[in-house]
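Single-structure report; data block below.
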Amino acid sequence: MTSSKTQSSSFLQTLRKKFRTRVGKAFLAIVSVFVMIGILMGLFVYYGLERFFDEFLDGVSTTLSLYIFALIFGFLVGLFFAIARVYGGAILSRVATAYIEVIRGTPVVTQIIILAYLPDTLNIFLSAQGLPTIPLSWELRYLMSAVCLGMNSSAYQAEFFRGSITSVSTGQMMAAQAIGMSRSQSIRQIILPQSLRRVIPAWANEASYLPKVTTAAYIVGVTEAFHWANATVSYTFRTLEVYALVAFFFIILITFVTWLLDTVYDEVKIPGL
Amino acid sequence: MMEPVLEVFDVWKSFDELEVLKGVSFEVAEGEVKVIFGPSGSGKSTLLRCINMLDPPHQGDILLRGESLMKKGADLNKFRSKIGMVFQNFNLFAHLKAIDNVAIGPRKVLGFTKEQARERAYSALQLVKMTDRAHHYPAELSGGQQQRVGIARAMAMEPDVILFDEPTSALDPELIGEVLQVMLDIAKRGTTMVVVTHEMGFARAVSNEMIFMDEGVVVERGTPQHFFAGAESARARKEKEVG
Numbered sequence: 056m057t058s059s060k061t062q063s064s065s066f067l068q069t070l071r072k073k074f075r076t077r078v079g080k081a082f083l084a085i086v087s088v089f090v091m092i093g094i095l096m097g098l099f100v101y102y103g104l105e106r107f108f109d110e111f112l113d114g115v116s117t118t119l120s121l122y123i124f125a126l127i128f129g130f131l132v133g134l135f136f137a138i139a140r141v142y143g144g145a146i147l148s149r150v151a152t153a154y155i156e157v158i159r160g161t162p163v164v165t166q167i168i169i170l171a172y173l174p175d176t177l178n179i180f181l182s183a184q185g186l187p188t189i190p191l192s193w194e195l196r197y198l199m200s201a202v203c204l205g206m207n208s209s210a211y212q213a214e215f216f217r218g219s220i221t222s223v224s225t226g227q228m229m230a231a232q233a234i235g236m237s238r239s240q241s242i243r244q245i246i247l248p249q250s251l252r253r254v255i256p257a258w259a260n261e262a263s264y265l266p267k268v269t270t271a272a273y274i275v276g277v278t279e280a281f282h283w284a285n286a287t288v289s290y291t292f293r294t295l296e297v298y299a300l301v302a303f304f305f306i307i308l309i310t311f312v313t314w315l316l317d318t319v320y321d322e323v324k325i326p327g328l
Numbered sequence: 378m379m380e381p382v383l384e385v386f387d388v389w390k391s392f393d394e395l396e397v398l399k400g401v402s403f404e405v406a407e408g409e410v411k412v413i414f415g416p417s418g419s420g421k422s423t424l425l426r427c428i429n430m431l432d433p434p435h436q437g438d439i440l441l442r443g444e445s446l447m448k449k450g451a452d453l454n455k456f457r458s459k460i461g462m463v464f465q466n467f468n469l470f471a472h473l474k475a476i477d478n479v480a481i482g483p484r485k486v487l488g489f490t491k492e493q494a495r496e497r498a499y500s501a502l503q504l505v506k507m508t509d510r511a512h513h514y515p516a517e518l519s520g521g522q523q524q525r526v527g528i529a530r531a532m533a534m535e536p537d538v539i540l541f542d543e544p545t546s547a548l549d550p551e552l553i554g555e556v557l558q559v560m561l562d563i564a565k566r567g568t569t570m571v572v573v574t575h576e577m578g579f580a581r582a583v584s585n586e587m588i589f590m591d592e593g594v595v596v597e598r599g600t601p602q603h604f605f606a607g608a609e610s611a612r613a614r615k616e617k618e619v620g
């Protein structure tokens with residue numbers, strides 16, 4: 056009796072130990088994502104909304120693509136403006152500050168309306184001049200929305216990057232220059248590798264906030280997740296259920312992103328720090 | 378007489394209204410060890426940062442083997458690669474292992490291959506007796522070990538002169554010895570050194586000349602024998618006792 060008990064507890068211990076390794080953790084995380092997706096699909100059946108599932112997939116994949124595009128675009132542009140703001144000298148750093156402040160200071164809805172309808176605005180001007188107009192399409196509207204979301208995110212990301220760049224001590228820059236590295240070498244070899252590691256927990260904030268900002272694209276007619284929700288409600292009048300399904304999708308996405316960034320942070324952490 | 382490795386000529390430096398250096402001049406010959414000492418705020422560290430132009434002076438000239446660093450269009454990165462610097466707070470690159478801290482200069486600045494740079498770094502770590510910790514990160518090393526890696530990083534560039542900015546003053550007392558020993562070793566190998574320090578034992582053992590600074594000017598200079606026999610200025614005498 057006692058022996059079987061110790062046996063089972065030691066089995067549990069080995070099991071627990073197994074899942075404490077990298078592969079084990081990743082396996083658990085991916086299994087949990089699949090379980091959550093399973094629950095989501097189960098809810099569709101439970102609510103009797105199966106026939107809207109294909110369009111739901113279209114909607115969430117549009118949301119996902121907007122998110123990934125905006126996150127990467129925002130990363131590249133944000134990093135550029137952060138470096139410009141810290142090391143850019145009098146003119147470039149002011150330009151960067153102005154860009155960041157204008158974007159952070161205006162509602163995303165305003166930004167997306169201005170940018171998504173920019174081709175239409177230009178067309179009015181172009182046709183008045185008798186010039187050929189820009190062909191309007193759903194793809195163009197989608198692209199302009201994605202760029203707008205990317206620009207919006209870049210301003211917030213830039214500030215996270217700026218914080219982490221300035222938190223890497225000036226001593227590191229001095230030491231790099233003292234062995235003869237140029238400024239750009241010092242930034243690339245010494246400052247960025249440290250500040251990009253350090254920024255991850257703060258940056259995870261933006262990465263988990265941005266999916267919800269992409270819903271602004273709904274306003275200019277991009278058929279993302281909320282567009283699906285609104286259309287489905289108009290057929291079924293099941294407001295609560297439909298919006299709960301969309302909310303559940305966001306929980307799955309953001310849980311996964313948070314887990315992923317925590318894992319990346321642990322993996323690239325500098326030993327001893 | 379042989380041409381000096383480093384000449385500092387009438388260097389002036391001020392931060393806003395505050396004048397930190399008011400016309401400092403000295404020269405360092407090949408293989409010489411110069412010790413600069415004086416009370417805090419006397420401009421010693423600023424002087425070192427002026428020499429490798431991390432904080433360019435407002436007036437005066439710095440010459441490395443007869444070439445001016447203050448000349449317009451001077452390739453400062455190249456000059457800095459020939460002027461080593463060891464910092465009070467070590468300033469090791471936190472994201473690199475000890476060996477990579479030492480190898481990155483030869484690799485990225487001198488254009489060595491990865492293998493050549495590693496080899497150079499390894500022999501520099503041998504000089505400071507840190508090969509057994511080559512694959513540790515700075516945060517995993519004690520202060521004394523970090524400073525020895527800092528010295529190796531400077532040595533690996535095979536510079537014309539190495540500047541030491543109070544290399545032991547951020548260390549716990551029991552760790553000072555190992556760093557001073559390494560500095561003695563490299564001084565004996567004929568390394569040209571300019572050392573800002575309060576370690577009078579070190580100054581006495583290896584320096585060719587001691588320079589006493591106060592309020593941005595050189596107050597007194599002479600051999601260690603001169604200073605230890607009884608310095609002329611009362612201020613230097615007091616500093617020597619405190620230091």
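Chain order of the listed sequences is A and B. Start counting the first sequence at 56; every next residue gets the next number (the numbering used here). Start counting the second sequence at 378; every next residue gets the next number (the numbering used here). Just so you know, even glycine gets a beta-carbon here, dropped at the ideal spot from N, CA and C. Note that the structure is a prediction, hence the values are computed from the model and not measured.
List the residues of chain D that residue i touches, going by C-beta distances under 7 Å, in chain order.
| i | result |
| --- | --- |
| VAL486 (chain B) | Reference to chain D is not applicable here, since the protein chains of this structure are A and B. |
Of the choices the options, whose alpha-carbon is the least far from that of residue i?
| i | options | result |
| --- | --- | --- |
| ILE523 (chain B) | B:ILE413, B:LYS455, B:ARG426 and B:ASP477 | First, the residue type needs correcting, since residue 523 (chain B) is Gln and not Ile in the sequence shown. If we check each option's Cα against that of GLN523 (chain B), B:ASP477 comes out closest. |
| ILE481 (chain B) | A:ILE169, A:ILE220, A:SER237 and A:ALA299 | A:SER237 |
| LEU473 (chain B) | B:ARG510, B:LEU440, B:ASN454 and B:MET447 | B:ARG510 |
| SER584 (chain B) | B:MET590, B:THR574 and B:GLY593 | B:THR574 |
| ILE539 (chain B) | B:GLY408, B:TRP389, B:VAL388 and B:GLU380 | B:GLY408 |
| MET577 (chain B) | B:LYS565, B:THR568, B:THR569 and B:LEU561 | B:LEU561 |
| THR269 (chain A) | A:ALA125, A:ARG243 and A:VAL157 | A:ALA125 |
| GLY567 (chain B) | B:ASP393, B:LEU383, B:GLY400 and B:ALA406 | B:ALA406 |
| GLU194 (chain A) | A:ILE179, A:GLY276, A:GLN227 and A:ALA302 | A:GLY276 |
| LEU112 (chain A) | A:TYR320, A:PHE99 and A:THR318 | A:PHE99 |
| MET96 (chain A) | A:ILE85, A:GLY144, A:VAL301 and A:GLY143 | A:VAL301 |
| ASN468 (chain B) | A:SER148, A:ILE246, A:GLY103 and A:GLY160 | A:ILE246 |
| ASP317 (chain A) | A:ALA257, A:ILE307 and A:PRO266 | A:ALA257 |
| ILE382 (chain B) | B:GLY521, B:GLU496 and B:VAL410 | Checking the sequence, you will find Val at residue 382 (chain B) rather than Ile. VAL382 (chain B) has its Cα closest to that of B:VAL410, out of B:GLY521, B:GLU496 and B:VAL410. |
Would residue i pass as an interface residue toward chain B - the criterion being a Cβ-Cβ separation below 7 Å?
| i | result |
| --- | --- |
| ALA257 (chain A) | no |
| MET229 (chain A) | yes |
| GLY218 (chain A) | no |
| GLY143 (chain A) | no |
| LEU134 (chain A) | no |
| LEU247 (chain A) | no |
| ILE325 (chain A) | yes |
| LEU328 (chain A) | yes |
| GLY114 (chain A) | no |
Applying the 10 Å Cβ sphere with the 16-neighbour rule, what's the burial state of residue i?
| i | result |
| --- | --- |
| GLY93 (chain A) | exposed |
| ILE553 (chain B) | buried |
| TYR197 (chain A) | buried |
| TYR514 (chain B) | buried |
| SER610 (chain B) | exposed |
| ASP542 (chain B) | buried |
| GLN227 (chain A) | buried |
| ARG484 (chain B) | buried |
| ARG77 (chain A) | exposed |
| ILE439 (chain B) | buried |
| GLY527 (chain B) | buried |
| GLY488 (chain B) | exposed |
| LYS324 (chain A) | exposed |
I'd like to know whether the C-beta atoms of residue i and residue j end up nearer to each other than 7 Å.
| i | j | result |
| --- | --- | --- |
| ASN207 (chain A) | VAL163 (chain A) | yes |
| SER402 (chain B) | PHE386 (chain B) | yes |
| LEU278 (chain A) | THR117 (chain A) | Per the sequence shown, residue 278 (chain A) should be read as Thr rather than Leu. Yes. |
| PHE135 (chain A) | TYR154 (chain A) | no |
| VAL556 (chain B) | THR545 (chain B) | yes |
| VAL223 (chain A) | SER250 (chain A) | yes |
| SER219 (chain A) | VAL254 (chain A) | yes |
| LEU502 (chain B) | ALA529 (chain B) | yes |
| THR423 (chain B) | VAL397 (chain B) | yes |
| GLY133 (chain A) | ALA213 (chain A) | yes |
| SER458 (chain B) | MET534 (chain B) | yes |
| ALA498 (chain B) | VAL479 (chain B) | yes |
| PRO550 (chain B) | ALA580 (chain B) | no |
| GLU380 (chain B) | GLU404 (chain B) | no |
Would you say residue i lies against chain A (beta-carbon separation less than 7 Å)?
| i | result |
| --- | --- |
| SER500 (chain B) | no |
| GLU517 (chain B) | yes |
| SER445 (chain B) | no |
| PHE470 (chain B) | yes |
| ARG457 (chain B) | yes |
Worksheet item: Is the stretch 262-282 of chain A touching the stretch 299-313 of chain A, taking contact as three or more C-beta pairs under 8 Å?
Response: yes
Discussion item. I'd like to know if the stretch 277-291 of chain A and the stretch 117-127 of chain A are in contact, where contact means that at least 3 CB-CB pairs between them fall below 8 Å.
Written reply: With contact defined as three or more Cβ pairs closer than 8 Å, the stretch 277-291 of chain A and the stretch 117-127 of chain A are in contact.
Worksheet item: Does the stretch 455-463 of chain B come close enough to the stretch 428-447 of chain B that 3 or more CB-CB pairs lie under 8 Å?
Response: The answer is yes - the stretch 455-463 of chain B touches the stretch 428-447 of chain B, with three or more Cβ pairs under 8 Å.
Worksheet item: Does the count of Cβ pairs from the stretch 182-200 of chain A and the stretch 97-112 of chain A closer than 8 Å reach three?
Response: no
Worksheet item: Does the stretch 585-594 of chain B come close enough to the stretch 404-414 of chain B to have 3 or more Cβ pairs within less than 8 Å?
Response: Flag = yes, the stretch 585-594 of chain B and the stretch 404-414 of chain B touch.
Item to complete: Decide if the stretch 225-234 of chain A is in contact with the stretch 166-180 of chain A; the criterion is three or more beta carbon pairs, one per stretch, under 8 Å apart.
Response: Contact fails between the stretch 225-234 of chain A and the stretch 166-180 of chain A, because fewer than three Cβ pairs, one in each stretch, are under 8 Å apart.
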